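What follows is a short report on a single structure.
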Amino acid sequence: MISMRARLFLILLVATGALWLSAILWIQHSTRAEVERVLDARLSEAGRMVSSLISDHRVDVAQAAVMVQPEPFTEPADYVHQLSCQIWALDGTLVGQSGSAPEQPLTQGDAGFSQSIVDGVEWRVYSVVNEDLGVRVMIGDSMRVRDRLVNDVTAGLLLPAALIIPLLAGLIWIGVGRGLVPLDRMAQALAARPATDLSPLPDAPVPREIRPMTAALNGLFRRVSAAREHERSFTAFAAHELKTPLAGLKTQAQIAAMAPDEATRRTALARLERGVNRTDRMVRQLLDMATVEAEAESREHPPVSLAGVIAEVADDLAPLAQGRAQHIVQDAGAGCPLLTGNRFLVSAALRNLIENALQASPDGQEVRVSLRHEGAAWVCAVQDRGPGIAAADRARVTDRFYRGAGTQADGSGLGLAIVAAAMERIGGTLRLAPREGGGEMAELVLPDTAFRAA
Amino acid sequence: MRLLIVEDDEMLRDGLSVGLRLAGFTTDAVATCADADAALESGGFDGMVLDLMLPDGSGLDVLGRLRARGSRLPVLLLTARDRSPDRVTGLDAGADDYLGKPFDLPELAARLRAILRRGEGRAAGLMEWNGLSLDLSRMEGRIAGRELRFSRREFTILQALMERPGTILGKPALEERLYGWQEDVESNTVEVHVHNLRAKLGASFIETVRGVGYRLAGAP
Chain B
252 MISMRARLFL
262 ILLVATGALW
272 LSAILWIQHS
282 TRAEVERVLD
292 ARLSEAGRMV
302 SSLISDHRVD
312 VAQAAVMVQP
322 EPFTEPADYV
332 HQLSCQIWAL
342 DGTLVGQSGS
352 APEQPLTQGD
362 AGFSQSIVDG
372 VEWRVYSVVN
382 EDLGVRVMIG
392 DSMRVRDRLV
402 NDVTAGLLLP
412 AALIIPLLAG
422 LIWIGVGRGL
432 VPLDRMAQAL
442 AARPATDLSP
452 LPDAPVPREI
462 RPMTAALNGL
472 FRRVSAAREH
482 ERSFTAFAAH
492 ELKTPLAGLK
502 TQAQIAAMAP
512 DEATRRTALA
522 RLERGVNRTD
532 RMVRQLLDMA
542 TVEAEAESRE
552 HPPVSLAGVI
562 AEVADDLAPL
572 AQGRAQHIVQ
582 DAGAGCPLLT
592 GNRFLVSAAL
602 RNLIENALQA
612 SPDGQEVRVS
622 LRHEGAAWVC
632 AVQDRGPGIA
642 AADRARVTDR
652 FYRGAGTQAD
662 GSGLGLAIVA
672 AAMERIGGTL
682 RLAPREGGGE
692 MAELVLPDTA
702 FRAA
Chain W
-11 MRLLIVEDDE
-1 MLRDGLSVGL
9 RLAGFTTDAV
19 ATCADADAAL
29 ESGGFDGMVL
39 DLMLPDGSGL
49 DVLGRLRARG
59 SRLPVLLLTA
69 RDRSPDRVTG
79 LDAGADDYLG
89 KPFDLPELAA
99 RLRAILRRGE
109 GRAAGLMEWN
119 GLSLDLSRME
129 GRIAGRELRF
139 SRREFTILQA
149 LMERPGTILG
159 KPALEERLYG
169 WQEDVESNTV
179 EVHVHNLRAK
189 LGASFIETVR
199 GVGYRLAGAP
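Going down the list, the protein sequences come from chains B and W. With the working numbering as the guide, the letters of the first sequence map in order to residues 252 to 705. With the working numbering as the guide, the letters of the second sequence map in order to residues -11 to 208.
Here it is, written out as structure tokens:
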């Protein structure tokens, strides 16, 4: 990519040159037309004048032809000797001619204007036929004279152009440079910035053309800064959320090591195991969160049955359910659709919902997963008989790491955040509502665009 | 020494309670700012282990309210945010010490003993009275060249008496030192432990002030 300055310079120079050139061509053309018109008028005038002179019989043409010694033809050096005149008898003998005329007839053409080449010289000729005297009068004008006239005018235009265009080029080069100074200034200000400085560009007055760019840059800075802040707070939260269970694990391990009695040791070990499971889930959720946020929805996915995805997730979580004598009841319904949307996002959302439901449900209870068509969407509902979400927490349960004051301590506060993020990616929504008869009902509303008719 | 533990993570809260009890402390544990405020209002604690990120607010607010009431209770902050600026904020907010997660239980116990004895105006880790020196970190005593071992509760009573020699401690005060909220107070444990202590230290080491309580003999 060539520099903006060189680019502007070339554009301006070529445009100016082209304009100049076309002006010259135009002037040359119009000058030629004018010269032709004026000189042709003179030719015909001269022709008719000679014809009328000899018609008077005051000039004896035959006599004149003897008296006037023909001068050898010479190239007209300047604008003198412009016209040549020949008078021919209609039978083809030369009656008379002017000094600058060639030996041969100026034209073989009929009366009126014609063009011919005689002895390598191009002539513009006007001939008049005088029937009474039986002669033909030919007045010729060398084309070279006409060309010279036009060329002189053109040269008069080209010479100043040749002098002025380099001057103009210099002025354009300097002018473009001056015009681009605000851009240079902005580039310098940006180049001098440390990577951490995402503050808006200084509010100094800038030209209108640059304003959209500064605005766009400031917008970008704002977005990058927000993304960075988001990242930072996520990392801080993640660090906290991981370090706390680690601290718990370490403490329990140390208690097991120093326990004075078997009961204390065994309790500590049992808690240790539970803690490892919980931390494992937390790490998996953190990875899920990162994956869900990075997952693009645009790709085409091979279609899978949504009921199949539900069954797979339920299978995965079966050990968790069995541990507490719970079971997952699947009610996929008829006409189960084929999912063409991102399967990972749907199964990550489902997994977290069912896991939450199992955790919230009392021992021995069932968690129901059902599927139904609703308007232009498929709704996958996960229902439990747990305590439900406290009214005060409803607005914030999908915030990352938010754990309601009333929830049991086992959650990471990431599960519903993952579900919400996954739904946002897929264009669906998460609905949370108290279940009739106690418990919570979480619904994934999946848009029809994520499906293909079965 | 009775500690209030404020930590929302159940496993860690339990670990702290059990672990610090093994280290000779009496512990009570709560999970939220509101519960912590209520517990501190009711009093009876010698120190507090405070987590910073709690479900209903920041531990720093609990600390702020505590200091605003003029309390000098020794407080150790326990948090995953342990970068230098976080430590500075915590200490300047009135904390006595700061420990990042994860931590070592023995180190936590040692730091707690350190801030607690500073609170009592002692610098050494040993308490001495009438020839008995008490090693708080090892829960052991030494008298006339003899090593003495105590049960956790015996040690707690002995330590309470030695912290303020001469002060008479009633049975309720000693029971408060012995039991957290979860534990049921048995009717005559204090008497049993004092009896056991006298057997180890000599009958005249602890004096009974009839109808009031106990104190160390020979106190002014």
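Cβ atoms here follow ideal geometry from the backbone N, Cα and C, with glycine treated the same way. Since the model is a prediction, treat every value here as computed from it, not as a measurement.
Subject >> Among B:H481, B:P433, B:D448, nearest to M464 of chain B - alpha-carbon criterion >> reply: B:P433
Original post:
For R474 of chain B, is the classification buried or exposed, using 16 other Cβ atoms within 10 angstroms of its Cβ as the cut-off for buried?
Top reply: exposed
Original post:
Would you call the CB atoms of G107 of chain W and P62 of chain W closer than 8 Å?
Top reply: yes
Original post:
What's the gap between the Cα of G574 of chain B and the Cα of G7 of chain W?
Top reply: 28 Å
Subject >> From B:A565, B:A611, B:L622, residue whose alpha carbon lies closest to that of A583 of chain B >> reply: B:L622
**OP:** Starting from the beta carbon of A562 of chain B, find every residue of chain W whose beta carbon is closer than 9 Å, and list them in chain order.
**Re:** By Cβ distance, chain W contributes nothing, its closest Cβ being about 33 Å from A562 of chain B, past 9 Å.
**OP:** In the DSSP assignment, find the unbroken alpha helix (DSSP H) run with S5 of chain W in it and report its ends.
**Re:** -2 to 10 is the span of the alpha helix (DSSP H), which, as asked, contains S5 of chain W.
Original post:
Using the beta-carbon count (16 or more within 10 Å), is G206 of chain W buried or exposed?
Top reply: exposed
Subject >> Sequence-distant residues of its chain with Cβ nearer than 6 Å to R55 of chain W (five each side left out) >> reply: G82
Original post:
In whole angstroms, what separates the C-alpha of Q147 of chain W from that of G113 of chain W?
Top reply: 12 Å
**OP:** Leaving out five residues on either side along the sequence, give the residues of the same chain with a beta carbon under 7 Å from the beta carbon of M255 of chain B.
**Re:** L431
Original post:
Using a C-beta cutoff of 8 Å, does A81 of chain W count as contacting chain B?
Top reply: no
**OP:** Specify, as a first and last residue, the run of the beta strand (DSSP E) that V380 of chain B falls within.
**Re:** Looking at the DSSP string, the run of the beta strand (DSSP E) that includes V380 of chain B is 372 to 381.
Original post:
Quick one, which residues of the region 89 to 108 of chain W are near chain B if we go by CB-CB under 9 Å, in chain order?
Top reply: K89, P90, F91, D92, L93, P94, L96
Original post:
What number of angstroms, rounded off, separates the C-alpha of D398 of chain B from the C-alpha of G371 of chain B?
Top reply: For D398 of chain B and G371 of chain B, the distance between alpha carbons rounds to 15 Å.
Subject >> Residue of B:F260, B:V301, B:V396, B:R676 minimising C-alpha distance to E544 of chain B >> reply: B:R676
Subject >> Neighbour flag for Q536 of chain B against chain W, beta carbons, 8 Å >> reply: no
Subject >> Rounded straight-line distance, which links the Cα of L384 of chain B to that of P321 of chain B >> reply: With a pLDDT of 48 at P321 of chain B, under the threshold of 50, the modelled position of that residue is not reliable, and no figure is offered here.
Original post:
What does a CB cutoff of less than 8 Å around L263 of chain B pick up in its chain, not counting 5 residues either side in sequence?
Top reply: I423, V427
**OP:** Taking L120 of chain W as the reference, give the member of W:I(-7), W:Y86, W:L185, W:S139 with the closest Cα.
**Re:** W:L185
**OP:** Decide if E354 of chain B is buried, meaning its Cβ has at least 16 other Cβ atoms within 10 Å, or exposed.
**Re:** So E354 of chain B counts as exposed.
**OP:** Find the residues of chain C that neighbour I506 of chain B, judging by a C-beta separation of less than 8 Å, and give them in chain order.
**Re:** This model lacks chain C altogether, as its protein chains are B and W.
Original post:
Along chain W, in chain order, which residues have C-beta atoms closer than 7 Å to that of M509 of chain B?
Top reply: L10
Original post:
Would you call H181 of chain W buried or exposed, if buried means 16 or more other Cβ atoms sit within 10 Å of its Cβ?
Top reply: The residue in question, H181 of chain W, is buried, as its Cβ has 16 or more Cβ neighbours within 10 Å.
**OP:** Determine which residues of the region 609 to 620 of chain B have a Cβ less than 8 Å from any Cβ of chain W, and write them out in chain order.
**Re:** none
Original post:
What residues match up with R214 of chain W in a beta bridge as DSSP calls it?
Top reply: With chain W covering -11 to 208 only, the question about residue 214 of chain W has no answer from this structure.
Original post:
Which of helix, strand or coil does DSSP assign to A600 of chain B?
Top reply: helix
Original post:
What separation, rounded to the nearest whole angstrom, lies between the Cα atoms of I131 of chain W and F33 of chain W?
Top reply: 29 Å
Original post:
Taking Cβ positions only, does G499 of chain B come closer than 8 Å to chain W?
Top reply: Yes, because at least one Cβ of chain W sits closer than 8 Å to the Cβ of G499 of chain B.
**OP:** Determine, using beta carbons only, whether L122 of chain W and G129 of chain W come nearer to each other than 8 Å.
**Re:** yes
Subject >> Within the region 360 to 438 of chain B, ranges of the beta strand (DSSP E) (whole runs, at least 3 residues) >> reply: List check, beta strand (DSSP E) in window: 363 to 369, 372 to 381, 386 to 393.
Original post:
Rounded to a whole number of angstroms, what is the C-alpha to C-alpha distance between V527 of chain B and L500 of chain B?
Top reply: 7 Å
Original post:
Considering only residues of the same chain and omitting the five flanking positions on each side of P554 of chain B, which have a CB-CB separation below 7 Å?
Top reply: Here P554 of chain B has L589, L590, T591, R703 as same chain residues with Cβ atoms under 7 Å from its own Cβ, once five neighbours each way along the sequence are excluded.
Original post:
Where does C587 of chain B fall in DSSP's three states?
Top reply: coil
Original post:
If you draw a straight line from the C-alpha of P327 of chain B to the C-alpha of G363 of chain B, how long is it?
Top reply: Here the model assigns P327 of chain B a pLDDT of 49, short of 50, so the residue's position is not dependable and the matter cannot be decided.
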